[in-house]
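Below: the structure, in structure tokens.
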Amino acid sequence: HVPYEAESSACLNKKEWSPLKARVETYKGLIFANWDGNAVDLDTYLGEAKFYMDHMLDRTEAGTEAIPGVQKWVIPCNWKSPAEH
172 HVPYEAESSA CLNKKEWSPL KARVETYKGL IFANWDGNAV DLDTYLGEAK
222 FYMDHMLDRT EAGTEAIPGV QKWVIPCNWK SPAEH
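172 is the number of the first residue of the sequence shown in the numbering used here; add one for each residue after it.
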């Protein structure tokens, strides 16, 4: 649906301007989406990084749980210190 289509978008080619379809794949509960239809599959893209992801995601029998929310810290120092060290 295009808002005010009759008034302003009569010549809009919806096929040309429709939303892109994302290719969605999962790995160990993580969800990955890719807009590029010509891109390699997720398994190939992750390659050797899967080794490190497996170590992080398979640390316990219970698996990994995502906990929503934001974590913030106040560090009494020059703002460049954490970035540089």
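Even glycine gets a Cβ: it sits at the ideal position worked out from N, Cα and C.
All figures in this text were calculated on a predicted structure; none of them were measured in a lab.
C-alpha distance - residue i paired with residue j, whole-angstrom precision
i	j	result
R194	D212	9 angstroms
S179	V173	10 angstroms
G263	A177	Shown here, the chain extends from 172 to 256; a query on residue 263 therefore has no answer.
Y175	S189	16 angstroms
A237	I202	12 angstroms
Proximal residues to residue i (C-beta, below 6 angstroms), its chain only, five neighbours per side dropped
i	result
A204	A193, V195
M224	none
T235	L228
Nearest-angstrom beta carbon gap, residue j and residue i [assumed within contact, 8 angstroms]
i	j	result
L228	W206	In fact, because the Cβ distance is near 25 angstroms, the residues do not count as touching under 8 angstroms.
Y198	L217	7 angstroms
Residues of its chain near residue i, where Cβ-Cβ distance is below 7 angstroms and the 5 sequence neighbours each way are ignored
i	result
K186	none
Identified DSSP bridge partners for residue i
i	result
F203	E196
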